Amino acid sequence: MTDPREELSAIAREARTMLERERTRGRERIAPSGSSPGPLALALPGFETQAPQPLPTFGPPPSALLATRPDLPDDLGTLARMVSECRKCGLCETRTNTVFADGSPRARLVFIGEAPGRDEDQKGLPFVGRAGQLLDKMIAAIDLKREEVYICNVLKCRPPENRVPAPEEVEQCLPYLEQQLALLKPALICALGLSAVQALLKTKASMASLRGRTFEYKGIPLIPTYHPAALLRNPGLKREAWVDLQRVRDTLKAGSPGSV
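Under the working numbering, the sequence shown has 206 at position 189, and the numbering climbs by one with no breaks.
Following this line, the structure appears as structure tokens:
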């Protein structure tokens, strides 16, 4: 018969190991299994609530940090037309359409993915496939609508077979995204997926070490989270993504006029 004390010691060791692993991933608190589900959980089983970490304070980004580039158009419409004619890398040979953006140019929140997929390439709009349907639910879970946010990608053309963007492709396309953000001047950026986070923050750090935190992109708070396609492949990540979305929601509220 197993000694109960040994069983308790084994459980305690396992719990300590789990807690240390979660702390290394940026999580300071683990919600109990009985926590009530957040709004996203109602549509997507697997998301669980967890109290976000304290939010940093951000002021308006200094205008110098978000200065537009003189070599690129200073309005989004003309910039989109320039992108549609771009031939700076080999992706121009395989694309059906360039994918510039969707949503409101007056949005306070910008979602940035890594690159268009097959559906996006065919329709010329970002996040319109299965991952886009999930992103719509994620946006709704933080009390916003797709037309109230701005959605774009680091790359404006689809890499063949949806492969990870090559460094030279990111280098050629990133100025377009930087100009978009300088023209938009959003209050908050949510970077979807490791490639997008690494391109914006110019880092090679892992997603495990990046998510759960708030960074700055040229004075704008930036919150990393998983790409919706990763959540479709691995539903076990949904809980962490919901924590990130709560952080996005609360950061926006903290920066709203009249908020405390």
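Yeah, the Cβ is synthetic: ideal placement off N, Cα and C, and Gly gets one too.
Treat the numbers as computed from the prediction; the structure is a model and nothing was measured.
- Nearest C-alpha to residue 188 among 202, 219, 209 and 210: 219.
- Within 10 angstroms of the beta-carbon of residue 252 lie fewer than 16 other beta-carbons, which makes it exposed.
- Considering only 223, 94, 239 and 183, the residue with the shortest C-alpha distance to residue 125 is 239.
- For residue 165, the closest alpha carbon among the candidates 197, 135, 119 and 172 is that of 119.
- Residue range 126-130 is occupied by the beta strand (DSSP E) that includes residue 130.
- Nearest to residue 266 by alpha-carbon distance, out of 182, 84, 161 and 203, is 161.
- Within the model, the alpha-carbon separation for residue 111 versus residue 104 is close to 11 Å.
- Taking 8 Å as the cut-off, the Cβ atoms of residue 197 and residue 169 count as close.
- Excluding five sequence positions before and after residue 143, the CB atoms of its chain that fall closer than 7 Å to its own CB belong to 116, 118, 119, 130, 133, 137, 168, 169 and 170, given in chain order.
- Residue environment for residue 229: buried (at least 16 other C-beta atoms within 10 angstroms of its C-beta).
- Two segments are said to touch when three or more pairs of C-beta atoms, one from each, lie closer than 8 Å; by this definition the region 178-192 does not touch the region 254-272.
- Residues of the same chain with a CB within less than 8 Å of the CB of residue 234, apart from the 5 flanking positions on each side, are 198, 206, 217 and 218 in chain order.
- Going by DSSP, residue 148 is part of the alpha helix (DSSP H) stretching over 147-158.
- For the pair residue 109 and residue 186, the CB atoms are not nearer than the 8 Å cut-off.
- Looking at the DSSP output, residue 170 shares a beta bridge with 130.
- Of the candidates 181, 172, 227 and 157, the residue whose Cα lies closest to the Cα of residue 114 is 172.
- By alpha-carbon distance to residue 208, the top candidate from 135, 123, 243 and 195 is 243.
- By the 16-neighbour rule on beta-carbons within 10 angstroms, residue 94 is exposed.
- Cβ neighbours of residue 248 within its own chain (closer than 7 Å, five residues either side excluded): 151, 254, 255 and 258.
- Residue environment for residue 87: exposed (fewer than 16 other C-beta atoms within 10 angstroms of its C-beta).
- Residue 216: not part of any beta strand (DSSP E); member of the alpha helix (DSSP H) spanning 211-218, first to last residue.
- Taking 8 Å as the cut-off, the beta carbon of residue 269 is found closer than this to the beta carbon of residue 204.
- The three-state reading of DSSP puts residue 238 in strand, counting E and B together.
- By DSSP's assignment, residue 208 forms a beta bridge with 129 and 241.
- In this structure, DSSP gives residue 267 a helical state, which the three-state scheme calls helix.
- The three-state reading of DSSP puts residue 91 in coil, since its state is none of H, G, I, E or B.
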